[in-house]
Every structure is written in structure tokens, then in C-alpha cells.
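Enquirer: Quick note on the UniProt record's numbering: the sequence shown kicks off at 1 and runs consecutively. Would you mind keeping the following structure in view while I ask a few things?
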Amino acid sequence: MKSLYNREGFYSSIVREIRNLINENVLFTNEEGVVVASTDMSRIKQFHEGAYIAIKQKKKIIMTEEHTKKLQGVQKGVVIPIIIEEQPIGVIGITGDPTVVSPFAVLVQKVTELFVQDLMEQTNRERQARELEFFVFDWLNAKQVTESLVERSSFFSINMEQFVQVIIIKTNYSRLQLTYENIKQLKFLWGKENETLFIRWGQDKLLILTSLLEKKRLKQKLQQFKKDIYFNLKTEVLIGIGQITSYDQLYLSLEQAERACQVATKEQGIVFEDELKFDLLLHELSNETKEAFVMRTIAPLKQDTVLLETLGCWFENNMLKQETANRLHIHKNTLQYRLKRVEEITKLNVNHLQDLMLLYIGYRILKDGKALDKKRKNKAAI
Numbered sequence: 001m002k003s004l005y006n007r008e009g010f011y012s013s014i015v016r017e018i019r020n021l022i023n024e025n026v027l028f029t030n031e032e033g034v035v036v037a038s039t040d041m042s043r044i045k046q047f048h049e050g051a052y053i054a055i056k057q058k059k060k061i062i063m064t065e066e067h068t069k070k071l072q073g074v075q076k077g078v079v080i081p082i083i084i085e086e087q088p089i090g091v092i093g094i095t096g097d098p099t100v101v102s103p104f105a106v107l108v109q110k111v112t113e114l115f116v117q118d119l120m121e122q123t124n125r126e127r128q129a130r131e132l133e134f135f136v137f138d139w140l141n142a143k144q145v146t147e148s149l150v151e152r153s154s155f156f157s158i159n160m161e162q163f164v165q166v167i168i169i170k171t172n173y174s175r176l177q178l179t180y181e182n183i184k185q186l187k188f189l190w191g192k193e194n195e196t197l198f199i200r201w202g203q204d205k206l207l208i209l210t211s212l213l214e215k216k217r218l219k220q221k222l223q224q225f226k227k228d229i230y231f232n233l234k235t236e237v238l239i240g241i242g243q244i245t246s247y248d249q250l251y252l253s254l255e256q257a258e259r260a261c262q263v264a265t266k267e268q269g270i271v272f273e274d275e276l277k278f279d280l281l282l283h284e285l286s287n288e289t290k291e292a293f294v295m296r297t298i299a300p301l302k303q304d305t306v307l308l309e310t311l312g313c314w315f316e317n318n319m320l321k322q323e324t325a326n327r328l329h330i331h332k333n334t335l336q337y338r339l340k341r342v343e344e345i346t347k348l349n350v351n352h353l354q355d356l357m358l359l360y361i362g363y364r365i366l367k368d369g370k371a372l373d374k375k376r377k378n379k380a381a382i
């Protein structure tokens, strides 16, 4: 418990709370009587003999004029030892005329004790959440569920066999770091329709292990959940959903959810891995292979944005020339000329199926690469 009270900012937080309550100078000493937080910064690190005596005697002491002459580091006021579970953790000191500040003693003591108890409960919740994170991490990284894992699951009152699917939620273009309080809030927003485990997965990801839920219903739930996250946390998220599997093969669903999350974009923020087709192939290619493929196909067009835009629009309109020309606001003959230029520059014939496939794959790789670069730049700029 002692380490809890030594955490950075703990003492200062208490002083701020008390200062907000009473308009007097306040200090806090540790168990050795050393001032560790104060509204008067000049007293930091000074020894307060009155506080030291108070913590040894475990009782409130009024600091009179006489005390200021006999005891080191003492000013007029009152010192109150804070005792939690019979353990003294420090002393609150209120500086001022004893007749004025002494009546605050009981109130200050109660407020401080409540503050510390809240912190203890919060710390305990965070510890339990971290232990659950470690358990789920081991579970999802195990190729088989061991007896040890099953025993640990009983400690958390978890029936592992209920969980058959993994969902990853990633904050998009945001420096928001999900806190345990955020996760508690999100679990409440999700509701109790099915069994779930909400796990922080790094600073910007939330992992949801879920029991069986019909796909149509899950999609509806995720669409609403995405809106709820934006409304409550003011951040866009990308969501990847792995396939349904057995509890002892959840690592497969995790891999699939990660793959789907990488494919997700702002325009298509919810992606089910089992719906991936072309993106599934692209994901399996190394960056070196992608770069080599682009160099051998569409790279010569990178310097001609007009031709590249024209080719992309043509693909997006299913290679229908009139629709493409209308979308680009150009004459059909102009489109025909541009496609001819694409053929001349790339040495690939848009009327030959194999060449057309090479052009399309090269274009998609190039387009996805630009989108990824944009994601990285946006994230770095936030």
C-alpha cells in the first residue's frame, strides 16, 4: 500500500482538494514529517516537527505561538494525521490562526480519507484490469488452452468457452489514450445483450472478446457503438472484426480482426474480415513486393496526375467510357486519347485482360499506399 501513496501527484492532489474546500494555506507531509506538497512552495522539502509528532502520536495537534518557537519548521495552525486502515500515511497541515483553522480539522480529515479511499479503489480496479489484460494476452497468444489458463479464468469468473469472436477498435487520427474509465464507460454503452470482455490493447486500441451474436445484429450494434464512441469521446474509430471460431482458437480471430482493422478507412470504418477479397491479397504482400510490382506496372504514371486520375476514374466506373467521361467532365474522345497515352507510357494494353489486371492491381497498390501515407501524416500532425 505504501507505494500507492508515493505515486507522483498523489500528495499534490490532496492539497488541491483541501485548498478548494477551504481558503487557507495547506501542506502535506509524509510519514517522516517532510513537507511533500504545499500551497506555499517555499515549504516543500522542509522538516515539520509538529507533523512528525502528530503522526507518531496519531492525533490532531494545535500549533500555537509557543510551538513555533520550540519546534522546527512549524507555523501557527493545526496538523491532522491521516490514518487509513490503522496505517498513518501522512499529515495535513492548515496554516493560520488556530481559532480560525481548527474548526476545519474534522472536515479536512474526512475529505482526505475519502479522497484516499477513492484512490485505493481506483488503483485496485486498475490492478484487476491489468491482471485481466495479462490473462487475455496469454490466452490469445497460446496455440492451445492449457490447464493453467483455465484455472486463471476461474479467478476472473470467466467461462472461456462462451467467447468465440474478436473485435478490434482503434482510435483513428487521434492521440486519445484509452483509460480504464473510458473502457468502463464503453462497456456500459455496449450493453448486456451478450457476454463480452473489454480489454485495453496498447494505448490506442480496444479489444472486445464476444460471445456468439448473429452477424446482421453485430453489424447494427457496431454501427451504433461507433456513433456512441464519437459522441462520448469525440474521436473517430476504425473497427475490424475477426471470424467466429472456438474459444481455443481465438488467436485466429484476433489475427483476422487486426487484418480487417488495417484495411478499415474513415469512409468504411467497420470491416468484417470474412468480407475481404482483394484487400486480403494485398495484405499478404510485403512492402518490397508491392513496390516492385508498382515499378513494373504503373510507376511511369506517377508523374502524370491527370492520366493517373483518369485511369482511376475509369476503373471506379467499371471501365465504362461514357460514364467516366461524364464524371471527369471531358469528351469521350479525350478519354480515349488519355487511355491511349496510358498504354504508350506503361506498355500495357487496356484491351488485353492480363495487361488490364496488371494495371488495376498496380493502381490499387499505389492508391492504398498513398492512403496509408496520408494516415501516417495525419497521425503525426495531431
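Glycine included, C-beta positions come from ideal geometry on N, C-alpha and C.
#1: Look up V15 in the DSSP assignment and say whether it is helix, strand or coil.
#2: Please report how far the alpha carbon of I239 lies from the alpha carbon of Q224, in whole angstroms.
#3: Whose C-alpha, out of F10, T210, K367 and P103, is nearest the C-alpha of L119?
#4: Rounded to whole angstroms, what's the CA-CA distance from D228 to P300? Just pull it up for me.
#5: Identify which residue in R364, I330, D355 and Q243 has its Cα closest to the Cα of F278.
#6: Assuming E133 and I199 are in contact, meaning their beta carbons sit under 8 Å apart, how far apart are those beta carbons, in whole angstroms?
#7: Across the stretch 175-194 and the stretch 246-255, are there enough close Cβ pairs to call them in contact, namely three or more that are closer than 8 Å?
#8: Hey, how far is the Cα of F115 from the Cα of I14?
#9: Between which two residues does the alpha helix (DSSP H) harbouring P98 extend?
#10: For Q46 and V35, which I take to be in contact (beta-carbon distance under 8 Å), what is that distance rounded to the nearest angstrom?
#11: For M1, which of helix, strand or coil comes out of DSSP?
#12: Classify F10 as helix, strand or coil using the three-state DSSP reduction.
#13: Between the Cα of R338 and the Cα atoms of C313, E131 and V91, which residue gives the shortest distance?
#14: May I ask you to report which of helix, strand or coil DSSP gives G312?
#15: Count the C-beta pairs between the stretch 70-81 and the stretch 92-103 that are closer than 8 Å, then say yes if the count reaches three, no if not.
#16: Beta-carbon of Q165 versus every beta-carbon of chain B: anything under 7 Å?
#17: Please report the residue range of the alpha helix (DSSP H) in which A257 lies.
#18: Using only CA atoms, which one of A105, E343, E316 and Q128 lies nearest to I298?
#19: What residues match up with N25 in a beta bridge as DSSP calls it?
Expert: A quick look at the data gives this:
#1: As a position in the sequence shown, residue 15 is number 15, starting the count at 1. Note: V15 maps to helix in three-state DSSP.
#2: Mapped onto the sequence shown, residue 239 falls at position 239. Mapped onto the sequence shown, residue 224 falls at position 224. In a straight line, the C-alpha of I239 is about 12 Å away from that of Q224.
#3: On the sequence shown, position 119 is the one that residue 119 refers to. L119 has its Cα closest to that of F10, out of F10, T210, K367 and P103.
#4: By one-based count along the sequence shown, residue 228 stands at place 228. By one-based count along the sequence shown, residue 300 stands at place 300. Taking the straight line from one Cα to the other gives about 45 Å.
#5: Translated into the one-based positions of the sequence shown, residue 278 becomes position 278. Cα-wise, what sits closest to F278 is R364.
#6: The residue given as residue 133 occupies position 133 in the sequence shown. The residue given as residue 199 occupies position 199 in the sequence shown. Their Cβ separation, rounded to whole angstroms, is 5 Å, which keeps E133 and I199 in contact under 8 Å.
#7: no
#8: Residue 115 sits at position 115 when you count from the first residue of the sequence shown. Residue 14 sits at position 14 when you count from the first residue of the sequence shown. Cα-Cα distance, rounded: 7 Å.
#9: Here residue 98 corresponds to residue number 98 of the sequence shown, with the count starting at 1. First-last of the alpha helix (DSSP H) with P98: P98 to V101.
#10: On the sequence shown, position 46 is the one that residue 46 refers to. On the sequence shown, position 35 is the one that residue 35 refers to. Indeed they touch by this definition, with Cβ atoms about 5 Å apart.
#11: The residue given as residue 1 occupies position 1 in the sequence shown. Residue confidence is low: M1 scores 45 on pLDDT, short of 50, so the model does not pin down where it sits. No coordinate-derived value is stated.
#12: Here residue 10 is taken as the residue at index 10 of the sequence shown, counted from 1. Residue state, collapsed to three classes: helix.
#13: Within the sequence shown, numbered from 1, the residue matching residue 338 stands at position 338. Considering only alpha carbons, the answer is C313.
#14: For the purposes of this step, residue 312 is taken as the residue at position 312 of the sequence shown. Three-state DSSP puts G312 in a helix.
#15: yes
#16: Protein chains in the displayed structure number just one, and chain B is not present.
#17: Taking the sequence shown and counting its residues from 1, the one referred to as residue 257 is at position 257. Segment L250 to V263, the alpha helix (DSSP H) holding A257.
#18: Indexing the sequence shown from 1 puts residue 298 at position 298. Of the listed residues, the one whose Cα sits closest to I298 is E343.
#19: Working through the sequence shown from its first residue, we reach residue 25 at position 25. Answer is T95.
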